[in-house]
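J.: Residue 39 in the numbering used here sits at position 39 of the sequence shown, and the numbers go up by one each step. My questions all concern the structure below.
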Amino acid sequence: FLVGERLAAGKVRAPRLLQHLYVLVAVMVGWVLFRAESFAHATYFLRAMAGLHGGGAPWQLYLSNKVALMLVLGALGSTPWLPWASAQLSRLYAARRSTALVADVGAQLALLLLFFACAIELAAGTHNPFIYYRF
């Protein structure tokens, strides 16, 4: 992926939507290659991700309310609206110093709360999503 980007650098710039899709595909393929036991397993998994293996379990079995919420939050968090909203809030808070301080403390507390929620979720679950334990 990196070699292809270097060869095409400066030639033509793709629209932002295509850039986001490219990064998404590159990261997903990279994760599969990193996790797979063999190249045959990686190609099997990539074909399954593309829907080229029939007879799999229907997606409705895996889509719970929690999974749907996480998919929506992940999609919102991966789009470029977050930096835009941050810039707008920074301009708004620049006029009032006390409001900016409260907003900064609130943001730090929200991140701390999110960290503890993630830690609790990981501790309560039986599946450990970290793949680095293999090394």
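Even glycine gets a Cβ: it sits at the ideal position worked out from N, Cα and C. On a predicted model such as this, the values are computed, not experimentally measured, just so you know.
Suppose only complete runs of 4+ residues qualify. What are the alpha helix (DSSP H) ranges in the stretch 65 to 89, listed by chain order?
T.: 65 to 77
J.: In three-state DSSP terms, what is Ala14?
T.: coil
J.: Determine the direct distance from the alpha carbon of Gln19 to that of Leu113, and round the result to whole angstroms.
T.: 32 Å
J.: What does a CB cutoff of less than 7 Å around Phe45 pick up in its chain, not counting 5 residues either side in sequence?
T.: The residues are Val32, Ala36.
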